[in-house]
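K.L.:
Residue numbers (our numbering): 3 to 215.
Every residue, glycine too, gets a C-beta built ideally from N, C-alpha and C.
The structure that follows is given in the form of structure tokens.
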């Protein structure tokens, strides 16, 4: 169901962008005039941002395919539910708290970019937790699967550490946005460490029970 929804979303995003370009080109005299008219039309800009979001979502599938492979239907449903809840909580917090950067309100487009990136990063952590919760219960994983999970945990840990050091440098009482972002990153790092410890325990348990992987 999720794959079908994504395919329809990708197709609809292409169609909407093509329609906007065609509509603007009919009302323009040249390429430069078409660009100006396109960017001055709020609907076209919204469609363009949606297209960029679609491209970002497509690229986010690459690390999932690389480290986790194909997701099961149960994993997709749990990801959608957990990701939706996290997004709703984050949006509600941002609306109520109105975080600032250097004492100034953040532009809505910049806020949307950071929120999109944060939701994507959180989704990777959710997938890691979901995969580890049943990975050792279904079957004994192969060395290749263990290697991919290890690489996934390491990559997420390095990303968390880098982002924490990056935002910690800008931390101040006026940067309430950085405080919130760091809070979310520390939560993800804590989840990643917990998953890493759980993973090590499962691997050692299988090693001592079976004598080999």
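1. Kindly indicate the opening and closing residues of the alpha helix (DSSP H) around residue 73.
2. By how many angstroms is the C-alpha of residue 38 removed from the C-alpha of residue 90?
3. Given residue 54, which residues of its chain have a CB within under 7 angstroms of its CB, disregarding the five upstream and five downstream residues?
4. Which residue from 129, 12, 9, 169 puts its Cα closest to that of residue 82?
5. Go ahead and pull the three-state DSSP assignment for residue 150.
6. Just to confirm my understanding: we take residue 132, look at its own chain, exclude 5 residues before and 5 after, and list those with CB closer than 6 angstroms. What are they?
7. For residue 183 versus residue 120, is the C-beta distance shorter than 9 angstroms?
8. By a C-beta neighbour count over all protein chains shown, 10 Å radius and 16 as the cutoff for buried, is residue 124 buried or exposed?
9. Are the CB atoms of residue 36 and residue 127 nearer to each other than 9 angstroms?
10. Our contact map puts residue 169 next to residue 159 with C-beta atoms below 8 angstroms; I'd like the distance itself, whole angstroms only.
11. Using only alpha-carbon positions, find the residue among 194, 117, 66 that is nearest to residue 86.
12. According to DSSP, is residue 29 helix, strand or coil?
13. Could you name each continuous alpha helix (DSSP H) segment of 4 residues or more that falls completely within the stretch 80 to 164, going from the start of the chain to the end?
14. What number of angstroms, rounded off, separates the C-alpha of residue 29 from the C-alpha of residue 62?
15. Please say whether residue 101 and residue 108 have beta carbons closer to each other than 9 angstroms?
16. How far does the alpha helix (DSSP H) with residue 52 in it reach, from first residue to last?
17. If you compare alpha carbons, which of 43, 134, 163 is closest to residue 197?
18. Whole angstroms are fine: how far does the CA of residue 178 sit from the CA of residue 149?
19. To the nearest angstrom, how far is it from the Cα of residue 186 to the Cα of residue 32?
20. How long is the line joining the alpha carbons of residue 56 and residue 16, rounded to whole angstroms?
P.N.:
Taking the coordinates as given:
1. Where residue 73 is concerned, there is no enclosing alpha helix (DSSP H), given that its DSSP letter is neither H nor E.
2. It is roughly 35 angstroms from the alpha-carbon of residue 90 to the alpha-carbon of residue 38.
3. Around residue 54, the same chain offers no residue with a beta carbon nearer than 7 angstroms, after the five sequence neighbours per side are excluded.
4. That would be 129, whose Cα lies nearest to the Cα of residue 82.
5. In the structure shown, residue 150 sits in a helix (DSSP, three-state: H, G or I).
6. Excluding sequence positions up to five before and after residue 132, its CB lies within less than 6 angstroms of the CB of 77, 80, all in the same chain and listed in chain order.
7. Against a cut-off of 9 angstroms, the Cβ pair of residue 120 and residue 183 comes out as a contact.
8. Flag for residue 124 reads buried.
9. 9 angstroms or more divides the Cβ of residue 36 from the Cβ of residue 127.
10. In this structure residue 169 does not touch residue 159 by the C-beta definition: roughly 16 angstroms separates them, more than the 8 angstroms allowed.
11. In terms of Cα proximity to residue 86, the closest of 194, 117, 66 is 117.
12. Under the three-state reduction of DSSP, residue 29 is assigned to coil, being neither helix nor strand.
13. Here the runs fully enclosed are 110 to 140.
14. Distance between the alpha carbons of residue 29 and residue 62: 36 angstroms.
15. Yes.
16. Residue 52 -> alpha helix (DSSP H) spans 44 to 69.
17. Nearest C-alpha to residue 197: 134.
18. Looking at the two C-alpha atoms, the distance is approximately 39 angstroms.
19. Residue 186 and residue 32 have their C-alpha atoms some 47 angstroms from each other.
20. Cα to Cα, the separation comes out at about 9 angstroms.
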